[in-house]
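*Asks:*
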Amino acid sequence: MTRPVLIFDSGLGGLTVLREARYLLPDEPLLYVADDAAFPIGRWPEPELKARLLALFERLIEAHQPKAVVIACNTAFTLAGSDLRSAHPDVPFVGTVPAIKPAAEQTSSGLISVLATPGTVRRTYTRSLIDSFASQCHVRLVGSDLLAEFAERHLRGDTVGDGDLLTEIEDCFLERDGKRTDIIVLACTHYPFLANRFRKIAPWPVDWLDPAEAIARQLMRVVGDAHPRSAGRIQDRAIFTSQPDNPALERLLAGFGLTLLKGGSPAFD
Numbered sequence: 283m284t285r286p287v288l289i290f291d292s293g294l295g296g297l298t299v300l301r302e303a304r305y306l307l308p309d310e311p312l313l314y315v316a317d318d319a320a321f322p323i324g325r326w327p328e329p330e331l332k333a334r335l336l337a338l339f340e341r342l343i344e345a346h347q348p349k350a351v352v353i354a355c356n357t358a359f360t361l362a363g364s365d366l367r368s369a370h371p372d373v374p375f376v377g378t379v380p381a382i383k384p385a386a387e388q389t390s391s392g393l394i395s396v397l398a399t400p401g402t403v404r405r406t407y408t409r410s411l412i413d414s415f416a417s418q419c420h421v422r423l424v425g426s427d428l429l430a431e432f433a434e435r436h437l438r439g440d441t442v443g444d445g446d447l448l449t450e451i452e453d454c455f456l457e458r459d460g461k462r463t464d465i466i467v468l469a470c471t472h473y474p475f476l477a478n479r480f481r482k483i484a485p486w487p488v489d490w491l492d493p494a495e496a497i498a499r500q501l502m503r504v505v506g507d508a509h510p511r512s513a514g515r516i517q518d519r520a521i522f523t524s525q526p527d528n529p530a531l532e533r534l535l536a537g538f539g540l541t542l543l544k545g546g547s548p549a550f551d
């Protein structure tokens, strides 16, 4: 059995990480898993969401025996990452957390914003990152209920208006004591798909920190030496928990080099 690298997200956002992972690890088979049946997961009550994630990964790991797991979702990892590592000590987990540390290292003005889902904004994990790495900065946390859905619509070719996007990001821009926000952390893997739109509508230029490359580099450190690469390239696959029969989705995934598995999966039967 060829053991894949499993990349998990609630929807399409983790494709930003998959793209970088394939570039850095071109011979590793990739299995993309989207829990789209639960999307958007940021609106779930935390106890129910954690229970769902633990049960889902129990089935996924048993069915697919991944050599490593990337949780390409800030909400999922900050909520359940520690429990998942405890439950599966033999599986390396690469997590996604808001890129607050590099933002604090790179800012010139000392004004940073973190654009995230409401779940990530209210999580104690996020606050502890600020206390540990950005205590000398003014960090504004901005939670959006809609941006992940807007990113999914944008990626699928649906219209998303500039005004709707600006409403969700405008609180990120702060002027204080003659200084302006100069770095915005994209603390959801969906958001980089909208980054070019953000640049066009932003009231002034800022750096938008995309975590995808850093996540992929950590994955490379995890699997690069410990696991030999596959001798031959096999087709990368995708599983969506809603088990959709959607030709448009299949075409979109094909553009990312993925084949959508349909008709049930050992993880969800």
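Quick note on the working numbering: the sequence shown kicks off at 283 and runs consecutively. Glycine included, C-beta positions come from ideal geometry on N, C-alpha and C. Owing to the predicted nature of the structure, the values given are computational and were not obtained by experimental measurement.
1) Compute the distance between the beta-carbons of Leu-335 and Tyr-314, then report whether it is under 8 Å.
2) Cα separation between Ala-362 and Lys-332?
3) Could you compute how far the alpha carbon of Lys-544 sits from the alpha carbon of Ala-369?
4) Would you tell me roughly how many angstroms separate the C-alpha atoms of Val-505 and Glu-495, rounded to the nearest one?
5) When you compare only the Cα positions, how much space is there between Thr-541 and Glu-532?
6) Which residues in the same chain have their Cβ closer than 7 Å to the Cβ of Ile-412, if we skip the five residues on either side of it in sequence?
7) In whole angstroms, give me the CA-to-CA distance for Glu-340 and Glu-450.
8) Look at the alpha carbon of Ala-498 and the alpha carbon of Gly-443, and state the distance between them as a whole number of angstroms.
9) Thinking C-alpha only, which one of Ile-394, His-436, Ile-289, Ala-385 is nearest Ala-477?
10) Quick test of your reading: Asp-446 and Phe-432, contact by CB under 8 Å. State the CB separation rounded to the nearest angstrom.
11) Can you tell me whether His-509 is helix, strand or coil according to DSSP?
12) Report the option in Ala-337, Ala-416, Glu-310 whose CA atom is closest to the CA atom of Ser-390.
13) For Ile-289 and Val-352, which I take to be in contact (beta-carbon distance under 8 Å), what is that distance rounded to the nearest angstrom?
14) Can you tell which of Gly-425, Ala-536, Gly-377, Gln-517 has its C-alpha closest to the C-alpha of Val-467?
15) What ranges does the beta strand (DSSP E) occupy inside the region 297-348, keeping only unbroken runs of at least 3 residues that lie completely in it?
16) Do you know how far the Cα of Pro-348 is from the Cα of Ala-484?
17) Going by DSSP in three states, Phe-375 sits in which element: helix, strand or coil?
18) Take Leu-535 and list the residues in its own chain whose beta-carbon comes closer than 6 Å to its own, dropping the five residues that flank it on each side.
19) Would DSSP call Leu-456 helix, strand or coil?
20) What number of angstroms, rounded off, separates the C-alpha of Pro-510 from the C-alpha of Ala-345?
21) Can you name the start and end residues of the beta strand (DSSP E) that Asp-444 belongs to?
22) Of the choices Asp-492, Thr-523, Phe-522, whose alpha-carbon is the least far from that of Thr-298?
23) Enumerated in chain order, which unbroken segments of the beta strand (DSSP E) with a length of 3 residues or greater are wholly contained in the region 361-406?
24) Count the other CB atoms, across all protein chains shown, that sit within 10 Å of the CB of Gly-295; report buried if there are 16 or more and exposed otherwise.
25) Assuming Gly-537 is part of the alpha helix (DSSP H), what are its boundary residues?
26) Express the C-alpha separation of Pro-526 and Ile-394 in angstroms, rounding to a whole number.
*Replies:* Taking the definition as stated:
1) For the purposes of this step, residue 335 is identified with residue 53 of the sequence shown, where counting begins at 1. For the purposes of this step, residue 314 is identified with residue 32 of the sequence shown, where counting begins at 1. Going by C-beta atoms, Leu-335 is not nearer than 8 Å to Tyr-314.
2) What you label residue 362 is simply residue 80 of the sequence shown in a count that begins at 1. What you label residue 332 is simply residue 50 of the sequence shown in a count that begins at 1. In a straight line, the C-alpha of Ala-362 is about 6 Å away from that of Lys-332.
3) Translated into the one-based positions of the sequence shown, residue 544 becomes position 262. Translated into the one-based positions of the sequence shown, residue 369 becomes position 87. Taking the straight line joining both Cα atoms gives about 28 Å.
4) Here residue 505 refers to the residue found at position 223 when the sequence shown is read from its first residue. Here residue 495 refers to the residue found at position 213 when the sequence shown is read from its first residue. Computed Cα separation, rounded: 15 Å.
5) Here residue 541 corresponds to residue number 259 of the sequence shown, with the count starting at 1. Here residue 532 corresponds to residue number 250 of the sequence shown, with the count starting at 1. Roughly 7 Å separates the two Cα atoms.
6) In the sequence shown, counting from the first residue as 1, residue 412 sits at position 130. Excluding sequence neighbours, Ile-412 sits near Ile-382, Val-421.
7) As a working note, residue 340 is residue 58 in the sequence shown. As a working note, residue 450 is residue 168 in the sequence shown. If you take the alpha carbons of Glu-340 and Glu-450, they lie about 35 Å apart.
8) For the purposes of this step, residue 498 is taken as the residue at position 216 of the sequence shown. For the purposes of this step, residue 443 is taken as the residue at position 161 of the sequence shown. Their backbone Cα atoms lie some 31 Å apart in a straight line.
9) As a position in the sequence shown, residue 477 is number 195, starting the count at 1. The shortest C-alpha separation from Ala-477 is found at His-436.
10) Looking up residue 446 in the sequence shown gives position 164. Looking up residue 432 in the sequence shown gives position 150. So it is a contact: roughly 7 Å between Cβ atoms.
11) Counted from its first residue, the sequence shown places residue 509 at position 227. Unreliable positioning characterises His-509 in this predicted model, as indicated by a pLDDT of 46, which lies under 50. The coordinate reading is nonetheless provided below. The answer is coil: DSSP assigns His-509 none of H, G, I, E or B.
12) To locate residue 390, count along the sequence shown from 1; it is residue 108. Cα-wise, what sits closest to Ser-390 is Ala-416.
13) Your numbering for residue 289 matches position 7 in the sequence shown. Your numbering for residue 352 matches position 70 in the sequence shown. Their Cβ separation, rounded to whole angstroms, is 5 Å, which keeps Ile-289 and Val-352 in contact under 8 Å.
14) Mapped onto the sequence shown, residue 467 falls at position 185. Taking only the C-alpha atoms, the option nearest Val-467 is Gly-425.
15) 312-316
16) By 1-based counting over the sequence shown, the position of residue 484 is 202. By 1-based counting over the sequence shown, the position of residue 348 is 66. Looking at the two C-alpha atoms, the distance is approximately 40 Å.
17) Within the sequence shown, numbered from 1, the residue matching residue 375 stands at position 93. The answer is strand: DSSP assigns Phe-375 an E or B state.
18) Along the sequence shown, one-based indexing puts residue 535 at 253. The residues are Ala-520, Leu-542.
19) Here residue 456 is taken as the residue at index 174 of the sequence shown, counted from 1. Here Leu-456 sits in coil by DSSP.
20) In the sequence shown, the residue the question calls residue 510 occupies position 228. In the sequence shown, the residue the question calls residue 345 occupies position 63. Confidence at Pro-510 is low in this model, with a pLDDT of 48, below 50, so its placement is unreliable and no value can be given for it.
21) Residue mapping note: residue 444 aligns to position 162 of the sequence shown, counting from 1. Where Asp-444 is concerned, there is no enclosing beta strand (DSSP E), although the alpha helix (DSSP H) it sits in stretches over 444-451.
22) Along the sequence shown, one-based indexing puts residue 298 at 16. For the residues Asp-492, Thr-523, Phe-522, the minimum Cα distance to Thr-298 belongs to Asp-492.
23) Complete beta strand (DSSP E) runs here, min 3: 393-398.
24) Locating residue 295 in the sequence shown gives position 13, where the first residue counts as 1. Buried is the call here.
25) Position 255 of the sequence shown, counting from 1, holds the residue named residue 537. Annotation for Gly-537: the continuous alpha helix (DSSP H) segment containing it runs 529-537.
26) For the purposes of this step, residue 394 is taken as the residue at position 112 of the sequence shown. For the purposes of this step, residue 526 is taken as the residue at position 244 of the sequence shown. Cα-Cα distance, rounded: 39 Å.
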